[in-house]
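There are 2 protein chains.
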Amino acid sequence: MSRPLAHPNIEDVTVAGILHALADPVRLAIVSELLKAESGLNCTQMTDRLEVGMPKSTCSQHYRILRESGLIVSERKGVELTSRVRGRELETRFPGLLQSILKAHEQEMMKTRRRGRSG
Amino acid sequence: MSRPLAHPNIEDVTVAGILHALADPVRLAIVSELLKAESGLNCTQMTDRLEVGMPKSTCSQHYRILRESGLIVSERKGVELTSRVRGRELETRFPGLLQSILKAHEQEMMKTRRRGRSG
DNA sequence: TACTGTAGTTCAATAATATTGAACAATAGA
DNA sequence: TCTATTGTTCAATATTATTGAACTACAGTA
Numbered sequence: 002m003s004r005p006l007a008h009p010n011i012e013d014v015t016v017a018g019i020l021h022a023l024a025d026p027v028r029l030a031i032v033s034e035l036l037k038a039e040s041g042l043n044c045t046q047m048t049d050r051l052e053v054g055m056p057k058s059t060c061s062q063h064y065r066i067l068r069e070s071g072l073i074v075s076e077r078k079g080v081e082l083t084s085r086v087r088g089r090e091l092e093t094r095f096p097g098l099l100q101s102i103l104k105a106h107e108q109e110m111m112k113t114r115r116r117g118r119s120g
Numbered sequence: 002m003s004r005p006l007a008h009p010n011i012e013d014v015t016v017a018g019i020l021h022a023l024a025d026p027v028r029l030a031i032v033s034e035l036l037k038a039e040s041g042l043n044c045t046q047m048t049d050r051l052e053v054g055m056p057k058s059t060c061s062q063h064y065r066i067l068r069e070s071g072l073i074v075s076e077r078k079g080v081e082l083t084s085r086v087r088g089r090e091l092e093t094r095f096p097g098l099l100q101s102i103l104k105a106h107e108q109e110m111m112k113t114r115r116r117g118r119s120g
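Read top to bottom, the protein sequences are chains X and H. With the first sequence counted from 1, adding 1 to any position gets you this note's numbering. With the second sequence counted from 1, adding 1 to any position gets you this note's numbering.
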C-alpha cells in the first residue's frame, strides 16, 4: 500500500500477458466477478465471493498479476484497494478478446454446474 | 513416436487449458503459423518458420502442450508428425475464442513490426 | 502522540513447472 | 543391416508460483 501502484500503459499490454493472467482459474474467476460487480471489489470482498479459502497474500498476488498484465486498475480508498476491469481500454486495444474469453468461461461454468460439480 | 498420441475429447477441453497453452509467445506463434499453413506442419518446418533457434526437444514439448490442451491434432506421416489446429471443433466448443485471440495476436505483431522490433 | 482494528504487501522458504542437451526410439531408403 | 531423418523421453537446472508470518498503511479514538 506504499508504492504508487504501477499500471501499464494500455499500448504496452500484451496478448501473452493477458492470456497468462487469465490462464489461472482463480484469476479468471476474479475477473468474471469484477465484471459483474458495479464499482470494483477489494481483496476481502473477492475472497468472500469466490468461496475458496484464499489467503490474503494469495489474493494480493493475483491482483498484482492482473494489474501488471493490464487487465485491472486498482485504486486506494482509505485502507482498502478497490479494483475493476479496464473494460473500455482493453476493448479498444484488443476488440472482442476479453469478451470472448469471459463468454467461454461462462459457458464452461454452466456445463460444469449441469454436470453437478459444484453448487 | 511410440505412444498412441492422446488427444482430449473436445468436451474435456477447458478455457484455462487453452489460455495456458497460448500464454506462451512461442506457442501462440506456432498456432498462428499452423492456421496459415494449409495442411499442417511438423516440428522441423515450424522451427524453420519461426526463425528462433528452437531445440527440437523444446518444439516437441510445445506441441505436446498444445495437443494436450486440445488446440491441435497431430498425425503421424511416416517419420514425421504433422499437426494442425482443431479449428472447427474449437469453434463449436467455444465460439469466437480462438479467432479473437489470434486476431489480437496479429494486431500486436503488426504494431510491433511498425515500431521496428523485428523484421 | 499513542493505541487498536482493518486491509493489504512483502519476504522467504517450499513446491510446482518449464527448459533443453543428450540419449533413445521409430521409420524410410539403400 | 546401416544410415539419415524426425521426434520423444529423461533428468539436471532454472524459473515461477504459493502462502504463512512479519510488516506497512490508514482511520478512528482519545
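Backbone N, C-alpha and C fix where the C-beta goes; we use that ideal spot for every residue, glycine too.
Check whether H/Ala24 and X/Leu20 have beta carbons under 8 Å apart: Position 23 of the second sequence, counting from 1, holds the residue named residue 24 of chain H. Position 19 of the first sequence, counting from 1, holds the residue named residue 20 of chain X. It is a contact, given that the beta carbons lie within the stated cut-off.
Nearest-angstrom Cβ-Cβ length linking X/Ser75 and X/Leu29, presumed shorter than 8 Å: Translated into the one-based positions of the first sequence, residue 75 of chain X becomes position 74. Translated into the one-based positions of the first sequence, residue 29 of chain X becomes position 28. That pair is no contact at about 18 Å.
Euclidean distance between Cα positions of X/His63 and H/Gly88: Mapped onto the first sequence, residue 63 of chain X falls at position 62. Mapped onto the second sequence, residue 88 of chain H falls at position 87. Between X/His63 and H/Gly88, the C-alpha separation is close to 31 Å.
Short Cβ contact (8 Å threshold) for X/Leu82 with X/Cys44: The residue you call residue 82 of chain X lines up with position 81 of the first sequence. The residue you call residue 44 of chain X lines up with position 43 of the first sequence. Closer than 8 Å, so yes.
Where H/Ser84 falls: helix, strand or coil (DSSP): Residue numbering aside, residue 84 of chain H sits at position 83 when the second sequence is read from its first letter. Three-state DSSP puts H/Ser84 in a strand.
H/Leu42 in three-state terms, based on DSSP: The residue you call residue 42 of chain H lines up with position 41 of the second sequence. Strand at H/Leu42.
Member of H/Gln108, H/Arg85 and H/His106 whose CA lies at the smallest distance from the CA of H/Leu35: Here residue 35 of chain H refers to the residue found at position 34 of the second sequence. It is H/Arg85.
Buried versus exposed call for H/Gly41 [16 or more other C-beta atoms within 10 Å across all chains shown]: One-based indexing of the second sequence puts residue 41 of chain H at position 40. It is buried - the Cβ of H/Gly41 has at least 16 other Cβ atoms within 10 Å.
Listed by chain order, chain H residues near X/Glu109 by CB distance under 7 Å: To locate residue 109 of chain X, count along the first sequence from 1; it is residue 108. What X/Glu109 touches in chain H: Thr15 and Val16.
X/Ala17 and H/Val16 closer than 8 Å at C-beta: On the first sequence, position 16 is the one that residue 17 of chain X refers to. On the second sequence, position 15 is the one that residue 16 of chain H refers to. No, they are not a contact pair.
Closest Cα partner of H/Ser9 within the set H/Met55, H/Lys112, H/Glu90 and H/Ser70: Translated into the one-based positions of the second sequence, residue 9 of chain H becomes position 8. According to the sequence provided, residue 9 of chain H is Pro. The question's Ser does not apply to it. Measuring from the Cα of H/Pro9, the nearest candidate turns out to be H/Ser70.
For H/Glu76, the first and last residue of its enclosing beta strand (DSSP E): Position 75 of the second sequence, counted from the start, is the residue given in the question as residue 76 of chain H. Note, H/Glu76: beta strand (DSSP E), Ile73 to Lys78.
Neighbour-count burial assignment, X/Lys112, 16 or more Cβ in a 10 Å radius: Here residue 112 of chain X refers to the residue found at position 111 of the first sequence. Looking at its Cβ environment, which holds fewer than 16 other Cβ atoms inside 10 Å, X/Lys112 is exposed.
With 16 other Cβ atoms within 10 Å as the buried cut-off, status of X/Val80: Taking the first residue of the first sequence as position 1, residue 80 of chain X is located at position 79. Result: exposed.
Beta carbon proximity, X/Arg118 to chain H, threshold 8 Å: Taking the first residue of the first sequence as position 1, residue 118 of chain X is located at position 117. In this prediction, X/Arg118 has a pLDDT of 45, which is less than 50 and means its spatial position is unreliable; what the coordinates show is noted afterwards. False, the Cβ-Cβ gap to chain H never drops below 8 Å.
Under 7 Å (Cβ pairs) to chain X, residues found in the segment 89 to 103 of chain H: Phe95, Gly97, Leu98, Ser101 and Ile102
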